[in-house]
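Below: the structure, in structure tokens.
Protein chains: 2
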Amino acid sequence: LPGVDRDALRGALSGIVGEGRVSTREADLRTYARDMWPRLLLAVREGAVAEHPPDAVVWPETAEEVAAIVRLARSRHVPVVPYGAGSGVCGGAMPLHGGITVDLKRMDRILDIDDRDLVVEAECGINGERLERALAAKGLTLGHFPSSIYCSTLGGWLAARSGGQMSTRYGKIEDMVLGVTAVTGRGDILTTGRHGRVQAGPDWTQLLVGSEGTLAVLTSGRLRVRRAPAARHFRGFSFARIPAGLEAIRRVLQRGLRPAVIRLYDEFDSWMALRPHDKAKEAHASGALPGLAPPASKKGLLRGLIGGALDRPRALNALVELGAQKLLRPGCLLIVGVEGAEPRARVEADVVFGELERAGGKDLGEGPGKDWFARRYSVSYNMSKVFESGAFVDTMEVASTWERLMDLYEGVRAALQRHAFVMAHFSHAYSEGCSIYFTFAGHAPTRHTAEAKYDALWRDGMLAATRAGGTISHHHGVGLLKGPYMAEEHRESMALLHALKQTLDPDGIMNPGKLGMSTWTAT
Amino acid sequence: LPGVDRDALRGALSGIVGEGRVSTREADLRTYARDMWPRLLLAVREGAVAEHPPDAVVWPETAEEVAAIVRLARSRHVPVVPYGAGSGVCGGAMPLHGGITVDLKRMDRILDIDDRDLVVEAECGINGERLERALAAKGLTLGHFPSSIYCSTLGGWLAARSGGQMSTRYGKIEDMVLGVTAVTGRGDILTTGRHGRVQAGPDWTQLLVGSEGTLAVLTSGRLRVRRAPAARHFRGFSFARIPAGLEAIRRVLQRGLRPAVIRLYDEFDSWMALRPHDKAKEAHASGALPGLAPPASKKGLLRGLIGGALDRPRALNALVELGAQKLLRPGCLLIVGVEGAEPRARVEADVVFGELERAGGKDLGEGPGKDWFARRYSVSYNMSKVFESGAFVDTMEVASTWERLMDLYEGVRAALQRHAFVMAHFSHAYSEGCSIYFTFAGHAPTRHTAEAKYDALWRDGMLAATRAGGTISHHHGVGLLKGPYMAEEHRESMALLHALKQTLDPDGIMNPGKLGMSTWTAT
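As structure tokens, then:
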């Protein structure tokens, strides 16, 4: 931004946090110019200079410091972009209009683990795995296990309505949170839900949760925790077709059963999940498309083959579909895991497994479930390898009621298949519906053609999702990527979002351009 | 209001809904001048003329009619007061500044019972028991059983964050609702949560839920339902002291057990709950204080005795406490009921009952639980009899985390005991805390002294609750009664409420004076 004097900004920020916790160094600004939004990786791969760096990065240690930073930003009309671990996949932490990136990572204290009330209070910069480890040391669990757990923070989870792999039992982060402390775009500190979830009047916590930094910087949260489960029972089932598997999941959920995990893979995704894994290379290969992350020596050859195949996504999708049906015959794999204290976990597992079998599932034993559990975090750490191979890969998570779910699956899949190779699984089930997690891989010869394909793919996928009555996100958030589709999802309620923005952030400095709200006007 | 020309208003409203569904008749205006707020019954008992009648009552049949009514009210700057069944106990439906009372009772259609997604959609004027009956006919249940179920509506439940007797298993109404349709104070129709509970961005449903008509008129809601439970297991336990019983409940909840009902009565409330019941007179006497609703012939004598005793609340409380401890020795009664499908309900019941016994509870068999279940709705229909006897009775429901719960109990009880005879039970338990339901009876010789005592009692009780870190309401709402304490509960978030009010109701016509927001300015 031509208007921002970075040295002056650094000086002013130093006045708040001291010199050691502010940077305007080029290397830092470049690092904080992006998160894990795959579209940005297309540029990174080419070694392109980051187009949207912040003007300064600051590492506050208290909510009061954050408040002072926001007030400073207001007075200078400079954007504020909250930053956790930068693991977001929608560009939410990208400083589209520059400004001050507020990295919360030094606010990583666990303020209280109350094992009487079973409530944890922690600062928002805490790493997810570290929080869970601290709870585990006391025999507790938050029950929140996003695949990004090693590289995401509590603040990111809350800001983007994160969902963990065990959400069917434990809920999404929005179900666990009792209250938050946040610094609004006015520079005021606000604490919600002081009394726990129950209160009189409207609920402010659920306003700030999901607001992705556009209204406030979340600085700490209080969340329900549970006693760690004593027992865990896994099982795999195979269903001939997707609808039979979905029907089985629906019956389980609607009987009030709450397995920690229940996920159904479509044909190709099933084959991926069931293929033998080289234990030594597990962390390396799992989760990526087969061969997309080959040993370096074969890279050149495979790169050409893969690129060629991914350049013809319709043919590849059709071929794989045929192959999956005729040759692989994996059917659709369903993984289920029930956990808790005995004897109830055993009883619940027996009822769940029985229901799945009655619904037509073929029992595959506990192997597939245990394998899934062992490799459950692998996928998030292999994306960059796919990019190295010359392709791009991304995921799209949508949700709907049961009634619309197959239409949503088919509509979005057809839209994506025009551009990319697609597979999907169904996870995060509710009594009234379920989410779908599409993984897709595409290819184009240059950065700009790849970006164009990527944009077309998302546009078609999101429009198909909203047309089928699905959400635009289940747990990855909106960021910059899905902003254009917010109005389709929220419709007349967008006026509420704008009004709230006006109230909490009258100068529009908070993460401008995100959540589908108007872009920045430098004055 | 001097400014309102009722005939002109009736004419204009007739233009929207036709003449048959508008009234400005004195009898109607008087009827709609109050809800079941006990303070208002003090005036009713004296035959006083209602001080705050509406200027007109209207019975719309569609959201569009409601929108037209609100737009009319805006253009004439006349308040709009949504009205369900008038069962509220905080004055929320009282037209403090006159205006148009919008009775939703003709909007009582069940729009859809989707037994695939297990979702019901119904208009907000539907009577609670009728909704539950329609669901029961399909083998379903909402799981929402407030003691007012026969005389309250879906809209009232949503507006005031209602909690039913089985909330420990099924949640409060706010946990069941997926989305609502509402007419804002601008006269716009707004639908939230189109995709179910999961969505990207802030949650608007939880903004409108609990807003008590101050932002919008709720016109319909979509809610999760469940399959009706096949089995129900009740048990009573006795605990020597309250803290031991609370500790037992905490352990049950924190083990992840979810009995439909688990409630602990303090010493005197236990004696009330355990006393023998004359089956024939059950509906008549139950729930009221013993002797407060005697047969007519003895009324004069008892009236004097009761009045005399209640005029000396400290002495009465002390006497009863002594009596309860030394003579009645009921200990504290705990009622628990587990329900669901077998075999899980049986297993859960066994684990719950075992846990309660291990925590020191003495097993009283299933009798107390079954008795409670049989009489669970009685209390709401006996209040008026108490008033006939010359006394007044009311309830105060607050909540806190476990850590603060005994302080909350003792603080509020001490505050109330200065003015009234008090008993209490603990119900609606959560992993992190519980609510307390105080019942109190007072007496004063005249309406105005009774009102003064009533006001002092609430003031002292609410201040004690907030001082102890409790909420000002658990499930009765705020209305007019608890408005003065909203700022104590919401603190800096009150600015959010005002901003939201400004956005959704720029002219301030929606239920003015409620939820602690500024009163009406006639212009």
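Heads up: the protein sequence lines correspond to chains A and B, in order.
Its first residue numbered 1, the first sequence is counted upward by one per residue in my numbering.
Its first residue numbered 1001, the second sequence is counted upward by one per residue in my numbering.
In this text, a Cβ means the ideal position worked out from N, Cα and C, and glycines have one as well.
Own chain residues within Cβ distance below 6 Å of residue i, not counting five before or after
| i | result |
| --- | --- |
| GLY1091(B) | TRP1037, GLY1479, LEU1480, LEU1481 |
| ALA495(A) | none |
| PRO82(A) | VAL102, GLY213, VAL217 |
| PHE1145(B) | GLY1164, GLN1165, MET1166 |
| CYS1151(B) | ALA1085, SER1087 |
| GLY11(A) | none |
| TYR377(A) | SER147 |
Beta-carbon proximity list for residue i, same chain, < 8 Å, skipping 5 on both sides
| i | result |
| --- | --- |
| LEU310(A) | LEU316, ALA391, ALA420, PHE421, ALA441, GLY442, HIS443 |
| GLY98(A) | LEU1, VAL4, HIS52, PRO53, PRO54, ASP55, VAL78, PRO79 |
| LEU1042(B) | PHE1387, PHE1392, ARG1447, ALA1450, GLU1451, TYR1454 |
| GLN1254(B) | SER1431 |
| LYS1362(B) | PHE1237, SER1238, PHE1239, GLY1331 |
Below-8 Å beta-carbon distance, residue i vs any chain B residue
| i | result |
| --- | --- |
| VAL347(A) | yes |
| SER162(A) | no |
| LEU158(A) | no |
| GLN254(A) | yes |
| ALA293(A) | Residue placement at ALA293(A) is poorly supported in this model, since its pLDDT is 37, which falls under 50; the coordinates are not used for a value here. |
| ASP203(A) | yes |
| LYS514(A) | no |
| PRO343(A) | yes |
| ILE113(A) | no |
| MET486(A) | yes |
| HIS233(A) | no |
| GLN206(A) | yes |
Residue from the options with nearest C-alpha to residue i
| i | options | result |
| --- | --- | --- |
| VAL393(A) | GLY245(A), ARG186(A), ASP455(A) | ASP455(A) |
| LEU13(A) | LEU42(A), TYR32(A), VAL80(A) | VAL80(A) |
| GLU19(A) | VAL57(A), VAL338(A), VAL320(A) | VAL57(A) |
| MET517(A) | GLY11(A), LEU333(A), PRO506(A), MET486(A) | MET486(A) |
| VAL1198(B) | HIS476(A), THR521(A), PRO229(A) | HIS476(A) |
| ARG227(A) | LEU264(A), LEU158(A), ALA248(A), LEU142(A) | LEU142(A) |
| ALA248(A) | VAL386(A), VAL336(A), VAL183(A) | VAL336(A) |
| GLY256(A) | TYR430(A), THR471(A), ALA522(A) | TYR430(A) |
| GLU1348(B) | ARG1232(B), ALA1318(B), ALA1450(B), ARG1312(B) | ARG1232(B) |
| VAL89(A) | HIS474(A), THR521(A), LYS501(A), ALA522(A) | HIS474(A) |
| VAL1022(B) | ARG1034(B), ASP1035(B), ALA1008(B) | ALA1008(B) |
| GLY1369(B) | ARG1344(B), MET1396(B), GLU1339(B) | GLU1339(B) |
| THR471(A) | ILE16(A), VAL351(A), GLY245(A), MET396(A) | MET396(A) |
Close Cβ partners of residue i (< 7 Å) along its chain, the five nearest in sequence each way excluded
| i | result |
| --- | --- |
| ASP115(A) | LYS138, LEU140 |
| MET423(A) | ASP266, PHE268, ASP269, MET272, THR439 |
Cβ of residue i within 8 Å of any chain A Cβ
| i | result |
| --- | --- |
| VAL1071(B) | One point to set straight first is that residue 1071(B) is Arg, not Val, in the sequence displayed. Closer than 8 Å: no. |
| ILE1100(B) | no |
| SER1400(B) | yes |
| TYR1409(B) | no |
| VAL1183(B) | no |
| TYR1430(B) | yes |
| LEU1528(B) | Residue 1528(B) lies beyond the range of chain B shown here (1001 to 1523); nothing can be said about it. |
| SER1427(B) | no |
| THR1503(B) | yes |
| ALA1136(B) | no |
| GLY1210(B) | yes |
According to DSSP, residues forming a beta bridge with residue i
| i | result |
| --- | --- |
| THR141(A) | ARG226(A) |
| PHE438(A) | MET396(A), ALA424(A) |
| THR181(A) | THR191(A), SER220(A) |
| ASN511(A) | Looking at the DSSP assignment, ASN511(A) forms no beta bridge with any residue, so it has no partner. |
| ARG1232(B) | GLU1339(B) |
| LEU957(B) | Residue coverage of chain B in this structure runs from 1001 to 1523, which leaves residue 957(B) outside it and unanswerable. |
Any non-hydrogen atom of the ligand SAM closer than 7 Å to residue i Cβ
| i | result |
| --- | --- |
| GLY1308(B) | Among the components modelled here there is no ligand, and therefore nothing to report on the ligand SAM. |
Contact the segment 68-76 of chain A vs the segment 189-198 of chain A: 3+ CB pairs below 8 Å: Cβ pair count under 8 Å is below three, so no.
Taking one C-beta from the segment 166-186 of chain A and one from the segment 201-218 of chain A each time, how about it: are there three or more such pairs within less than 8 Å? yes
Check whether the segment 344-361 of chain A touches the segment 228-244 of chain A, taking contact to mean three or more Cβ pairs, one atom from each stretch, closer than 8 Å. yes
Would you call the segment 177-186 of chain A in contact with the segment 218-234 of chain A, where contact means no fewer than 3 C-beta pairs closer than 8 Å? yes
Answer yes if the segment 1488-1503 of chain B comes into contact with the segment 1453-1473 of chain B, meaning at least three C-beta pairs across the two stretches below 8 Å, and no otherwise. yes
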